[in-house]
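Q: Sharing a structure here in structure tokens format.
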Amino acid sequence: MLKKIDGVWVYAIFFVVFLYGPVLLMPVFALNDGTFATFPLKGFTLKNFSAMAANTSMILAFQNSLKIAIAVAMLSTVLAMPAALALTRFRLPGGGAIQSFMMLPLVIPSIVIAVALLVILLKIFGIQLSLWTVAAGHVLICLPFCMSVLMSRLEGFDPNLEEASRDLGCTAWQTFWRTTFPLALPGVISSLLMGFIISFDEFVIAFFLTGTENTLPVYLFSQLRFPNKLPGVLALGSLILVGSAVLVIAAEIIRKRGAPSNNPGDY
Amino acid sequence: MIAMLALPIAALVVLSFWTQSGFELDRTPTLENYAQLVRLTDEPTVWFGIPFYFSYPVPAILMIKSVVMSLSATVAVIALAYPMAYFLAFRVHKHKALWIILITIPFWTSYLLRVFAWKIVLGFNGAINSGLKAIGIIDQPLEFLLYNPGAVVITLAHSWVAFAILPIYVSLEKIDRSLLEAASDLGDSKLKRFLRITLPLSAPGTVAAALLVFIPTVGDYVTPTLVGGPGGTMIGNLVQELFLKQNNAPLGAAVAITMMLIIAVIVAIFLWAIGYRRIRARRA
């Protein structure tokens, strides 16, 4: 079929503009030399970005977010791996039900998850809110994403390879590390990246579950109320946008690249 | 792992049967919180011409408002996402993966920032107002853009549209192309072919997309807080208020549980109304 420039194409272009337009205004105004986010633009400046280096509370929040996101990415991938293996390799009784249950955090409004965790942490276990409680909440919402990434990868290669490894005398543990894990590696990496991104950007759960320390989105939210903080917020927002976009693209490329090349079962 | 998810929800349910008295939590199980949500009074609170005979009408009003706003956003999302998914499934032949990444990137970037971006666009001193002023179309900023339910609906639609494309795209992609050819050969026009083959066969993905958007947006907190203003608050704001500001967690829990139940009922009615079982069965 020839590529036709018709209504559907025009719509697609309009759609991408709609999707990206508002978000792209942020870096535009961040580089603009003015206190308000208004047209016409006044001139190019980098002062909003250089001002960020001196903002200690923001850097602290950034470090907190980084720590949480790394911990969450690793923990939720480690937890998702056995679950994904169990669901793809064995015919579990009620496997379908378990699978849909694990996907629940996708459709429960995050505020409900947040208050539910708040209740159980404070009123039942009596745990003080801290960055750890935020991390626990984030693991919960990252699990479905990590699991679906891992499961699609585990379904993508031939389970006979694992069987062969068992037949050749490997223990289950050796089989996992020498056959399954290397084959699933692209999935593992994109699961790590995904967990990192979700945790790093998550606001509602962090807002409810954090103690005295801020994560970056919570810090950002607290700044939004003050109009005079706007340029700083714009600069920070632009950096976060660029950072997450780079990570998402990396995750996608690793996942796509990994699919054909790492799979001897396809020959 | 299942316990990790089930336990907090169970705790929320238990909490909703307790009551708050001052700073103490009264652990005698009671339906008081739920009763408070539906207790009637003779003096109605009128909202948009609808009288509410509740003594504490705020949750009921906010619930209805949230559902209406979320439904409008869902309809907008499907209307925007469907043609795009159609485009991806039928028109893009080269660089398909690239297009899909292009569509999904915004979904992964910070939700908070995407919402905030609309505040910049619609604000009193925002991009639209200052842009229109700069080219001389208006003298005074348009005040109706931000801080109302409309702004919340636009922002919600924009934030969730990327999420809705994929399920629709997958179900369009799965359609056997020979069915379309057959329809054309048998004399269907393009429009008829779309209405009789493409649309029904892509219904499962479209329904899934609608639910994926509707369910989480009813309880959204960030969007109404940032762009809703006083008129655009939703049920999520009330839950937050009750938990963190009014220190009445049990009532907040009851509101959250009721919200989930109402969402579940609406979803069930919706699926029943469109005959979802039949649609799924037809695919098999």
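Residue numbers (my numbering), protein chains in the order written: chain A, 1 to 267; chain B, 1001 to 1284. Backbone N, C-alpha and C define an ideal beta-carbon position, used for all residues, glycine too.
By the 10 Å Cβ neighbour count, where 16 or more other Cβ atoms means buried, how is A/H138 classified, buried or exposed?
A: Flag for A/H138 reads buried.
Q: If we count the other Cβ atoms within 10 Å of its Cβ and call it buried at 16 or more, is A/L168 buried or exposed?
A: Result: exposed.
Q: For A/P217, go through chain B and note every residue whose CB falls closer than 7 Å to its CB, in chain order.
A: Here the neighbours are S1110 and L1112.
Q: Give the straight-line distance between the Cα atoms of A/D6 and B/A1134, rounded to the nearest whole angstrom.
A: Approximately 33 Å, taken between the alpha carbons.
Q: Taking only the alpha-carbon atoms, compute the straight-line gap between B/L1031 and B/F1017 and give it to the nearest angstrom.
A: If I take the Cα positions, the gap works out to 6 Å.
Q: B/I1009 versus chain A: which residues are under 7 Å apart at the beta carbon?
A: Within chain A, the residues near B/I1009 are A116.
Q: By alpha-carbon positions, which one of A/S190, A/T56, A/L46 and A/I205 ends up nearest to B/G1236?
A: Here the closest residue by C-alpha is A/I205.
Q: Could you name each continuous alpha helix (DSSP H) segment of 4 residues or more that falls completely within the segment 131-160 of chain A, going from the start of the chain to the end?
A: As far as the segment 131-160 of chain A is concerned, its whole alpha helix (DSSP H) runs of at least 4 residues are 131-156.
Q: How many angstroms separate the CA atom of B/L1088 from the CA atom of A/T56?
A: Taking the straight line from one Cα to the other gives about 45 Å.
Q: Could you pull out every residue in the same chain whose Cβ sits closer than 8 Å to the Cβ of A/A30, ignoring the five residues on either side in sequence?
A: Excluding positions up to five away in sequence, the list reads N48, F49, P231, L234, A235, G237 and S238.
Q: Taking C-beta to C-beta, are B/I1103 and B/I1165 nearer than 9 Å?
A: The answer is yes: Cβ separation under 9 Å.
Q: So what does DSSP say about B/W1099, is it helix, strand or coil?
A: In the structure shown, B/W1099 sits in a helix (DSSP, three-state: H, G or I).
Q: Hey, out of B/L1211, B/P1216 and B/R1177, whose CA is closest to B/I1197's CA?
A: Among B/L1211, B/P1216 and B/R1177, the Cα nearest to that of B/I1197 belongs to B/R1177.
Q: On a CA-only basis, which of B/V1239, B/A1151, B/L1156 and B/A1010 is nearest B/L1080? Give me that one, please.
A: Minimum Cα distance to B/L1080 is reached at B/L1156.
Q: Name, please, each residue of chain A whose Cβ falls closer than 7 Å to the Cβ of B/G1252.
A: Simply V115.
Q: For the ligand ZN, is there any heavy atom lying closer than 8 Å to the beta carbon of B/V1218?
A: This structure simply doesn't include the ligand ZN, nor any ligand for that matter.
Q: Distance, Cα to Cα, B/I1138 vs B/L1132?
A: So the alpha carbons of these two residues sit roughly 6 Å apart.
Q: Say whether chain B places a C-beta atom closer than 9 Å to the C-beta of A/F85.
A: Before going on, a small fix: residue 85 of chain A reads as Leu here, not Phe. Not an interface residue.
Q: For B/T1041, write down the residues that DSSP places opposite it in a beta bridge.
A: Paired residue(s): none; B/T1041 is not in a bridge.
Q: By the DSSP assignment, the alpha helix (DSSP H) with B/A1089 in it spans what residues?
A: Segment: none, B/A1089 is in no alpha helix (DSSP H) and carries neither H nor E.
Q: Exposed or buried, what is B/R1193 when buried is set at 16 or more other beta-carbons lying within 10 Å of its beta-carbon?
A: Counting Cβ neighbours within 10 Å, B/R1193 comes out buried, since at least 16 surround it.
Q: For a contact meaning CB atoms closer than 9 Å, what does B/P1083 contact in chain A?
A: G7, V8, Y11, A12 and F15, listed in chain order.
Q: Roughly how many whole angstroms lie between the Cα atoms of A/P260 and A/R153?
A: Because the pLDDT of A/P260 is 48, which lies under 50, any placement of that residue in the model is unreliable, and the number read from its coordinates should be weighed accordingly. Roughly 11 Å separates the two Cα atoms.
Q: Which residues bound the alpha helix (DSSP H) around A/V78?
A: T56 to R89 is the extent of the alpha helix (DSSP H) around A/V78.
Q: Can you tell me whether A/A97 is buried or exposed? The criterion is at least 16 other CB atoms within 10 Å of its CB, across all chains shown.
A: Its Cβ having fewer than 16 others within 10 Å, A/A97 is exposed.
Q: Applying a beta-carbon distance threshold of less than 7 Å, which residues of chain B neighbour A/A245?
A: Correct list: I1105 and T1109.
Q: Which of the three DSSP states, helix, strand or coil, is assigned to B/Q1285?
A: Past the boundaries of the shown model lies residue 1285 of chain B; chain B is included only from 1001 to 1284, so the question cannot be answered.
Q: Check the Cβ-Cβ distances between B/R1091 and every residue of chain A, and say whether any is below 9 Å.
A: Taking Cβ atoms only, chain A reaches closer than 9 Å to B/R1091, which makes this a yes.
Q: The segment 194-218 of chain A: which residues have C-beta closer than 7 Å to a C-beta of chain B, in chain order?
A: If the cut-off is 7 Å between Cβ atoms, the segment 194-218 of chain A has I197, D201, F203, V204 and P217 near chain B.
Q: Would the beta-carbon of A/L131 fall within 9 Å of that of A/G211?
A: Yes, the pair counts as a contact, with Cβ atoms nearer than the cut-off.
Q: A/E202: buried (16+ other C-beta within 10 angstroms of its C-beta) or exposed?
A: The residue in question, A/E202, is buried, as its Cβ has 16 or more Cβ neighbours within 10 Å.
Q: Please compile the residues from chain B whose C-beta is within a distance smaller than 9 Å of the C-beta of A/F62.
A: In chain order: nothing, as chain B lies at least about 13 Å away.
Q: DSSP three-state label for B/F964, please.
A: Residue coverage of chain B in this structure runs from 1001 to 1284, which leaves residue 964 of chain B outside it and unanswerable.
Q: Assuming A/L150 and A/I197 make a contact with CB atoms under 8 Å, what is their CB distance in whole Å?
A: At roughly 16 Å, the Cβ-Cβ gap does not stay under 8 Å, so A/L150 and A/I197 are not in contact.
Q: Does the contact criterion of 3 or more C-beta pairs under 8 Å hold for the segment 1224-1234 of chain B versus the segment 1140-1158 of chain B?
A: These segments touch.
Q: Please state if the CB of B/I1263 and the CB of B/V1013 are separated by a distance shorter than 9 Å.
A: Not a contact, by the Cβ cut-off of 9 Å.
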